[in-house]
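Throughout the sequence shown, residue numbering follows the working numbering, covering -10 to 518 in sequence.
Glycine included, each C-beta is placed from N, C-alpha and C at the ideal position.
Everything on this sheet refers to the single structure shown next.
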Amino acid sequence: MRPERARRNAPHESRRAQARCYTRSHASSATCASRLRKLFDVVPPLARDQPLSSHESTARSDDAVAGAFAHWSCGLDWNAFGAELQRAALDELLDFTGDMIAGRAAVGLPPWLEVLLDDAGRHTASVTGGQRASPWSAAMANGYFGHVLELDDTHDEAVLHAGAAAIPAALAAAEYRGDVAGARLLEAIVGGIELTCRLGMATNLSLVQSGWIYTALLGHFGAALAASHVLGLDEQARRRALGIVYCFASGNHQSSREGAATKHLQPGIAAANGLKAALMAQRGLSGVEAPFTGEDGFARVYLRGRFEPDRALQALGEQYEAARLSIKPYPSCRLTHPAVSAALALREKLGPDLDRVQAIEVRMGSQAHDVVGRREAFRLTPERWLDAQFSVFWTVAVALCHGAVRPIHLLDDVPPRPPVRAWIERIHAEPIAGSAARDVGACEIEASGPFGRVSVQAAEAKGHPDAPLTAQELEEKFCANVALAGMSRAEARELAGTLLALDRSPDLAPLMRALRRPQARTPLKRHAD
């Protein structure tokens, strides 16, 4: 029997606690877990900071990580998931669908993106906004649209957007195959997200240390696994797909540093490459056998050996990171979110003293400070969306000025108008000594003025599994997103209800109709002053 999923207005229970309870409900769960443990009982640690010129590696050639995920994913079964994991997967699909529709409305169809529509492949797949393209081009475009507003999920411990590559790859694979039920798509999304998150958790290099964007880099593997499941590949073909996609894996942090549009395109590239890898594996191409832990595998070549295979495999099939995603309430880098949450609480706490604030001090995690908190000109006077989205100064200023941070503020306050600029000039940020290098981290924000000092702490940002959006807040976010594309509130609520029941649908027609709904080719215009 399918578990009931009540939609509640009260916050969900802590998904962190629930994640420990997602064991398979059928009798074979113990057998499955036992078989998995035999695959990776003994995985030797990789040498830290191993020189790339050295070939004296202790890395295994049989790659327990690739083998375990290929094996585990073949047994994914929607009806065996716990109710909370099912709800988390449906919430994730609903949220990312809204993000794709909103992103398409916000940016339109830039000329450079039309290159994807002009490829020579069969135009059988849906691009958000009404166009058609080849499956891999559709995956790339939809990955871009879903990520461009920085509203898509994060896994705060892995420090990446978990579904940004896996979901577009799974959607394109489903249209390519043509006979995919809603439950099959959702299984694939869970599988792709699980691999992406666990690879991130097993990585011990910060974004700044590594120079990689893990959303895209690790998303390649999640996308390949998600597409493989949709296509119904067997275990060996799934393993081949992981070996093939290693040849494609990419995603750099330089695009974030420069505010380049390619930052938002990179998850789409990962989605397209993951789909291609799965399709080529289906047709018999062999990839490397040890993509993660081989002598010249991903861990050594990309991560300097700073990778823990055991961490990636811990409680696989028993505990789901896909149930521990943060649904983002603000259109900015997740590393700004603790500060935004704290700023909104501070605004309420100050009341009438808000207008008397002379200075704002933001104390944040070291990784957050490195990525969004350094006092540089492009963060203080952002000219482009990405500069604003990656600025704790802009996001906190907008929160204090407007009492919210929404997509419309990217249109209205980039570059910042005088009221927001005045707040930016009063904000200073500094790292918290000893904070974790690979976490979103906590934040403290303090206001000073004639009233003295008033401070607020945020242990977790809004949307985290320990501070989740309520069902009503998630629906409100979805309705606001699709409203950017001209959808009425009644239409939006009906669509939300349909998507949240997609697991019972024999096909994906309701979802694809929503994505194919025509939108203007030009972006939304800035509101008049």
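Do residue j and residue i count as a contact pair if the criterion is CB distance below 7 Å?
i: residue 176; j: residue 378; result: no
i: residue 136; j: residue 242; result: no
i: residue 322; j: residue 385; result: no
i: residue 169; j: residue 219; result: yes
i: residue 261; j: residue 383; result: no
i: residue 230; j: residue 270; result: yes
i: residue 473; j: residue 91; result: yes
i: residue 212; j: residue 155; result: yes
i: residue 214; j: residue 181; result: yes
i: residue 238; j: residue 158; result: no
i: residue 257; j: residue 132; result: yes
i: residue 305; j: residue 67; result: no
Roughly how many angstroms lie between the CA atoms of residue i and residue j, to the nearest whole one?
i: residue 106; j: residue 500; result: 21 Å
i: residue 174; j: residue 277; result: 27 Å
i: residue 406; j: residue 234; result: 44 Å
i: residue 352; j: residue 419; result: 5 Å
i: residue 274; j: residue 59; result: 16 Å
i: residue 486; j: residue 492; result: 12 Å
i: residue 463; j: residue 421; result: 31 Å
i: residue 250; j: residue 206; result: 17 Å
i: residue 466; j: residue 398; result: 15 Å
i: residue 454; j: residue 369; result: 31 Å
i: residue 208; j: residue 70; result: 23 Å
i: residue 255; j: residue 392; result: 31 Å
i: residue 286; j: residue 244; result: 25 Å
i: residue 451; j: residue 334; result: 11 Å
i: residue 194; j: residue 200; result: 9 Å
i: residue 95; j: residue 374; result: 11 Å
i: residue 186; j: residue 146; result: 8 Å
i: residue 291; j: residue 330; result: 34 Å
i: residue 226; j: residue 457; result: 37 Å
i: residue 82; j: residue 471; result: 14 Å
i: residue 380; j: residue 410; result: 13 Å
i: residue 7; j: residue 172; result: Caution applies to residue 7, whose pLDDT of 43 falls short of 50 and renders its modelled position unreliable; the value that the coordinates give is listed next. Distance between the alpha carbons of residue 7 and residue 172: 21 Å.
i: residue 367; j: residue 376; result: 6 Å
i: residue 53; j: residue 339; result: 54 Å
i: residue 87; j: residue 468; result: 8 Å
In the DSSP assignment, find the unbroken alpha helix (DSSP H) run with residue i in it and report its ends.
i: residue 150; result: From DSSP, residue 150 is part of no alpha helix (DSSP H); its letter is neither H nor E.
i: residue 227; result: 224 to 234
i: residue 172; result: 171 to 190
i: residue 482; result: 478 to 488
i: residue 56; result: 53 to 63
i: residue 90; result: 72 to 96
i: residue 165; result: 155 to 166
i: residue 337; result: 326 to 339
i: residue 101; result: 100 to 106
i: residue 409; result: 407 to 413
i: residue 401; result: 396 to 401
With a threshold of 16 other CB atoms inside 10 Å of the CB of residue i, please say whether the residue is buried or exposed.
i: residue 228; result: buried
i: residue 289; result: buried
i: residue 414; result: exposed
i: residue 504; result: buried
i: residue 412; result: buried
i: residue 101; result: exposed
i: residue 337; result: exposed
i: residue 332; result: buried
i: residue 348; result: exposed
i: residue 519; result: In the structure displayed, the chain extends from -10 to 518; residue 519 sits before or after that span and is not available.
i: residue 326; result: buried
i: residue 80; result: buried
i: residue 358; result: buried
i: residue 479; result: exposed
i: residue 417; result: exposed
i: residue 84; result: buried
i: residue 223; result: exposed
Need the endpoints of the beta strand (DSSP E) that residue i sits in, please.
i: residue 353; result: 348 to 353
i: residue 416; result: 416 to 420
i: residue 588; result: No statement about residue 588 is possible, as the shown extent of the chain runs from -10 to 518 and does not include it.
i: residue 528; result: Nothing can be reported for residue 528: it is not among the residues displayed for the chain, which extend from -10 to 518.
From the DSSP output, read off the bridge partner residues of residue i.
i: residue 241; result: 201
i: residue 468; result: Its beta-bridge partners do not exist; DSSP assigns none.
i: residue 195; result: The partner list for residue 195 (beta bridge, DSSP) is empty, contrary to what the question assumes.
i: residue 249; result: According to DSSP, residue 249 bridges with nothing at all.
i: residue 260; result: Looking at the DSSP assignment, residue 260 forms no beta bridge with any residue, so it has no partner.
i: residue 443; result: 436
i: residue 296; result: 192
i: residue 114; result: 122
i: residue 380; result: In the DSSP output, where bridge partners are listed per residue, residue 380 has none listed.
i: residue 315; result: 143
Should residue i be flagged as near chain B, meaning a C-beta pair shorter than 7 Å?
i: residue 401; result: Within the model displayed, chain B is absent; a lone protein chain is all it includes.
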